[in-house]
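Trainee: Please see the structure below; I have some questions.
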Amino acid sequence: MSFKNVHFILITGGPWSGKNTQGEKLAYEYGFGFIDMGGYVRKVLSGDHAFVDVLQNPYLKESLQKAMNTGHLLPDDIIDTLFQMEVTRVIRGRECHTKHLPIVVCGYPRTIAQGASFMRHWSRLGVVHLFLDGDKELFQKRMLKGRGATEVRKDDLSDLFEKRWSEFQNKTLPLINRLCLQQGRDFHNCHVHITELSTIENVGKRIRQMLALPRDRNGKARGDRNFVGAMPATASVMV
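In the working numbering, the protein residues as written are 469 to 707.
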């Protein structure tokens with residue numbers, strides 16, 4: 469598989485595994501599209517004017533308002549619809565010479581039902597699944613370190629993490645396990661195991677190596693952002 473045949477790079481992982489950080493860096497450095505589905509949904513729910521078109525759909529508007537009023541999570545079919553709308557928006561907003569480059573996706577799919585919808589609609593277009601794996605204790609330390617300077621009590625942060633981790637274990641991990649078993653000409657799996665010694669920089673380096681993305685002599689992304697490299701075989705590394 470080469471990037472000529474890849475339309476999506478899905479980045480999955482547990483809470484505080486660095487999904488969005490690595491996804492944003494990858495998209496920025498190589499000119500790929502980027503969708504942070506969690507951030508997108510939060511903006512829609514907050515009434516962000518940039519996404520007012522979403523509320524023109526009566527069914528979506530009713531479901532979003534119900535979620536805002538009750539605090540319940542949005543149903544899978546609504547998330548699937550929002551994702552399809554966001555993909556369309558990203559593609560339309562890109563310049564012609566970048567339309568063939570992949571879209572990096574974080575925060576979707578998160579459930580088996582969402583994964584089935586994604587595979588049904590998009591997998592034939594070519595997908596790289598990048599799983600950032602790691603231990604619960606490590607990711608919890610990352611959260612506490614990252615938010616340690618805030619006024620939020622440590623006990624409250626721990627409760628938040630436990631809730632997020634439980635949701636990940638019960639809903640998202642079963643999906644990830646299924647994705648990791650996918651094989652075929654249009655689907656590719658990469659597994660990066662995060663350790664105590666991992667940094668943003670060395671994880672990013674490993675990702676670029678696994679995806680066969682080029683760097684110049686100074687270690688920076690090559691100026692030719694339309695570069696299309698050959699994909700390696702399914703791989704797993706520890707950093």
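Using N, Cα and C, we set each Cβ at its ideal position, and we do this for glycine too.
Model, not experiment: these values are computed from the prediction.
Which term fits Ile477, buried or exposed, when burial requires 16 or more other beta carbons within 10 angstroms of its beta carbon?
Mentor: Per the 10 Å Cβ criterion, buried.
Trainee: By the DSSP assignment, the beta strand (DSSP E) with Gly481 in it spans what residues?
Mentor: Residues Phe476 to Gly481.
Trainee: Who pairs with Cys574 in a beta bridge, going by DSSP?
Mentor: BP columns for Cys574 point to Ile479 and Asp504.
Trainee: Just to confirm before moving on: does the CB-CB distance between Ile580 and Leu641 stay below 8 Å?
Mentor: Not closer than 8 Å, so no.
Trainee: In three-state DSSP terms, what is Gly652?
Mentor: Looking at Gly652 - three-state DSSP - the assignment turns out to be strand.
Trainee: When DSSP labels each residue in this structure, what does Asp601 get in the three-state scheme?
Mentor: If DSSP states are grouped into helix, strand and coil, Asp601 belongs with the strands.
Trainee: Measuring CA to CA, which of Leu598, Ile668 and Lys529 is closest to Cys648?
Mentor: Ranking the options by Cα distance to Cys648, first place goes to Leu598.
Trainee: Return the Cβ separation of Pro483 and Trp590 in integer angstroms, given the expectation that the two are a contact with Cβ distance under 8 Å.
Mentor: Actually they are not in contact, since the Cβ atoms of Pro483 and Trp590 sit about 25 Å apart, beyond 8 Å.
Trainee: Hey, is Lys673 close to the ligand ADP, as in C-beta under 7 Å from one of its heavy atoms?
Mentor: Among the ligands in the structure shown, none appear at all, so the ligand ADP cannot be discussed.
Trainee: In this structure, does DSSP put Ser485 in helix, strand or coil?
Mentor: In the structure shown, Ser485 sits in coil (DSSP, three-state: anything other than H, G, I, E or B).
Trainee: Using the three-state DSSP reduction, which class does His661 fall into: helix, strand or coil?
Mentor: Three-state result, His661: strand.
Trainee: Compare the Cα-Cα distances from Val474 to each of Tyr496, His568, Leu550 and Met678 and report the closest residue.
Mentor: Considering only alpha carbons, the answer is His568.
Trainee: Can you name, in chain order, every residue of its own chain whose Cβ lies under 6 Å from the Cβ of Val555, other than the five neighbours on each side?
Mentor: Answer for Val555: no residue qualifies.
Trainee: Going by Cα to Cα distance, which pick from Val596, Gln650, Leu600 and Leu625 is closest to Ser608?
Mentor: Looking at the sequence provided, one finds Gln at residue 608 rather than Ser. When each option's Cα is compared against that of Gln608, the closest is Leu625.
Trainee: Using beta-carbon positions only, say whether Ile675 and Leu494 come within less than 8 Å of one another.
Mentor: Yes, the pair counts as a contact, with Cβ atoms nearer than the cut-off.
Trainee: What are the partner residues of Val596, as DSSP defines its beta bridges?
Mentor: Paired residue(s): Ile477 and His656.
Trainee: Mind checking which residues open and close the alpha helix (DSSP H) that includes Asp521?
Mentor: Segment: none, Asp521 is in no alpha helix (DSSP H) and carries neither H nor E.
Trainee: Can you look up Arg562 in the DSSP assignment and give me helix, strand or coil?
Mentor: Three-state DSSP puts Arg562 in coil, outside helix and strand.
Trainee: Can you check which of these residues, Gln651, Asp601 and Val596, is closest to Gln637 by C-alpha distance?
Mentor: Selected option, being the one with the closest Cα: Asp601.
Trainee: Using DSSP with H/G/I as helix, E/B as strand and the rest coil, what is Gly583?
Mentor: Helix, per DSSP.
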